[in-house]
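Chemist:
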Amino acid sequence: MPFFLLFFILLISPSFIEASDPTTIVVKALHDASNNEASDKTADVLRQKLSEIHSLYIVDPQKVEAVLSYYPNYGVSSENQNLEEIKNLLVRARDHYFQFAYLESKAELQRIIQIFGENLDLALSDGQTFLDSWITLALVHSALNQKEEVANDFRQVLKINPLYELDRKAFAPSILKLFANAKEALSQEATGPVSITTNPKVAEIYLNGIYQGVSPLNFPSMPEGEYHLSFKANNYNPVHQKISVKSDQKLALHPRLYWTGSTKKVAQNNQAKARHEIEEGLRIAKLLKVDKVLMVDVDANSIAARLVDSRYRASHRPIIINLSKNQGGLEENVNQLVRFITAQTKLNLLQHANTELDPDGTSDPILLGKRGRKISKAVLFGSIGALGVGGVLAILLSGGSKPPQTGSVALSFK
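Anchor point for the sequence shown: position 240 equals 240 in our numbering, and the numbering is continuous, going up by one each time.
(1) With three or more beta-carbon pairs closer than 8 Å as the criterion, would you say the region 144-161 touches the region 187-198?
(2) Where does V202 land, buried or exposed, given buried means 16+ other C-beta within 10 angstroms?
(3) Measuring alpha carbon to alpha carbon, tell me which of Y258, Q114, Y227 ends up nearest N234.
(4) Helix, strand or coil, according to DSSP, for Q188 in the structure here?
(5) Which residue comes first and which comes last in the beta strand (DSSP E) that contains H141?
(6) Is the beta carbon of T197 less than 8 Å from the beta carbon of P216?
(7) So, is S244 buried or exposed, given that buried needs 16 or more other C-beta atoms within 10 angstroms?
(8) Can you tell me whether DSSP reads Y102 as helix, strand or coil?
(9) Of all the options T136, Q336, N218, which has the alpha carbon lying nearest to the alpha carbon of R111?
(10) Excluding five sequence neighbours on each side, which residues of the same chain lie with their C-beta closer than 8 Å to the C-beta of E224?
(11) If you pair each beta-carbon of the region 179-186 with each one of the region 148-167, do three or more pairs fall below 8 Å?
(12) List the endpoints of the continuous alpha helix (DSSP H) containing K159.
(13) Near A378, which residues of its chain fall below 7 Å by C-beta distance, leaving aside the five closest residues on each side in sequence?
(14) What does the Cβ neighbour count give for R311, buried or exposed, with the cut at 16 atoms within 10 Å?
(15) Indicate whether the contact test is met: 3 or more Cβ pairs, each with one atom in the region 25-37 and one in the region 104-120, closer than 8 Å.
(16) Using a Cβ-Cβ cut-off of 7 Å (strictly less than) and excluding sequence neighbours within five positions of R418, which residues of its own chain qualify?
(17) With a CB to CB cut of under 8 Å and the five nearest residues on each side skipped, what residues in its chain are close to Y236?
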């Protein structure tokens with residue numbers, strides 16, 4: 001009899017019920033002023049890794065975009081709304097391409113290019129998507145056997161980014177040949193050298209809206225012509241500059257970026273950004289009726305992952321990997337994130353609000369009664385392997401034993 005009683009108690013307990021169903025998660029890359037392509041790539045790898053965990057169910061990103069395209073976020077700027085519209089058009093154009101509906105795909109791509117062409121600031125804010133549109137159009141024209149159009153498309157690609165190279169493993173030999181011809185024609189044009197140093201010494205450099213690297217940076221053979229350069233760094237106002245490259249002169253650029261303000265102002269900006277991220281995560285969770293939303297943001301110095309909980313309308317503390325202190329590659333970084341994100345999905349925010357809840361943003365009032373004291377923004381640890389993991393996550397990650405040693409990844413909770 002006691003055995004059956006124990007079984008009944010386990011059966012009706014919340015922990016038992018919650019464990020029986022996988023946690024549904026949307027992984028969403030955050031798009032801001034920099035490194036959107038890196039955020040998308042990291043989010044894609046995270047989806048793949050997390051989908052291998054039986055306790056989690058990762059929602060198909062195409063389904064996510066399909067739903068979000070019908071419910072635009074009116075809290076963002078019109079420029080961001082235009083970018084979302086463009087990206088949704090690009091998704092549909094690629095779908096039509098794979099369905100052999102080439103004329104429909106062509107029409108959608110030409111509409112994207114028209115929107116970019118009518119708004120230079122829009123094109124410079126996301127040059128990678130502009131470039132991707134031309135590349136996709138080249139594939140459509142190739143499928144329609146319109147080789148002259150393909151050649152023109154690749155000329156436009158190289159006009160946006162003269163340093164671009166096609167991935168030889170990803171494209172058919174016929175496409176590679178047409179691109180090589182366009183590249184060869186470009187190489188015959190006059191070129192000029194460009195060197196860039198910045199103040200501060202390290203800043204992200206964008207050429208026509210496409211990330212090229214960090215300063216100092218040299219372009220020894222830039223084709224003659226006009227280009228738009230952007231320089232960005234954390235806590236500095238970005239600088240935008242139009243340049244003209246000529247073969248008979250060396251262009252040396254030394255842009256200065258100005259500090260945005262005091263540390264207090266930066267902290268306030270970071271708090272506003274955190275609240276916006278949480279609100280956007282909750283909006284996505286509500287639309288897709290999922291348990292949690294994982295927001296992924298990559299910049300030049302870090303990878304940030306924020307897990308938003310729909311049940312309590314709150315956010316776990318974001319996990320930050322400091323890339324400047326980490327010698328590992330993308331896979332190692334993602335593996336570390338997967339371990340901590342998985343641990344966070346097993347936490348009960350109601351029981352661990354003090355240690356695991358991000359104080360920024362709003363939350364279900366039920367959590368207020370569980371805090372007991374004001375939630376601190378103090379970083380829990382600075383570098384795994386040196387200090388270990390703090391709080392309840394340590395127990396979950398180690399299976400109740402001592403915290404794991406995780407190599408050289410510099411990671412913190414904010």
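C-beta atoms are modelled at their ideal positions from N, C-alpha and C, and glycine is treated no differently. Owing to the predicted nature of the structure, the values given are computational and were not obtained by experimental measurement.
Modeler: Walking through what the data contain:
(1) no
(2) Taking the first residue of the sequence shown as position 1, residue 202 is located at position 202. Label assigned to V202: exposed.
(3) For this step, residue 234 is matched to residue 234 along the sequence shown. Minimum Cα distance to N234 is reached at Y258.
(4) In the sequence shown, the residue the question calls residue 188 occupies position 188. Coil.
(5) Residue 141 sits at position 141 when you count from the first residue of the sequence shown. Element bounds for H141: not the beta strand (DSSP E) but the alpha helix (DSSP H), 127-143.
(6) Counting from one through the sequence shown, the residue named residue 197 turns up at place 197. Counting from one through the sequence shown, the residue named residue 216 turns up at place 216. Yes, these two residues count as a Cβ contact at 8 Å.
(7) Mapped onto the sequence shown, residue 244 falls at position 244. Looking at its Cβ environment, which holds fewer than 16 other Cβ atoms inside 10 Å, S244 is exposed.
(8) Here residue 102 is taken as the residue at index 102 of the sequence shown, counted from 1. Y102 falls in the helix class under three-state DSSP.
(9) The residue given as residue 111 occupies position 111 in the sequence shown. Per the Cα distances, T136.
(10) Taking the sequence shown and counting its residues from 1, the one referred to as residue 224 is at position 224. Closer than 8 Å at Cβ, skipping near neighbours: E189, A190, T191, G192, V245, K246, S247.
(11) yes
(12) Here residue 159 is taken as the residue at index 159 of the sequence shown, counted from 1. It spans 147-160 - the alpha helix (DSSP H) in which K159 sits, taken as one unbroken run.
(13) Here residue 378 is taken as the residue at index 378 of the sequence shown, counted from 1. A caution first: A378 carries a pLDDT of 39, below 50, which makes its placement in the model too unreliable to give a value.
(14) For this step, residue 311 is matched to residue 311 along the sequence shown. Exposed.
(15) no
(16) As shown, the chain starts at 1 and ends at 414. That puts residue 418 outside it, with no answer to give.
(17) For this step, residue 236 is matched to residue 236 along the sequence shown. Closer than 8 Å at Cβ, skipping near neighbours: P200, A203, L257, Y258, W259, T260.
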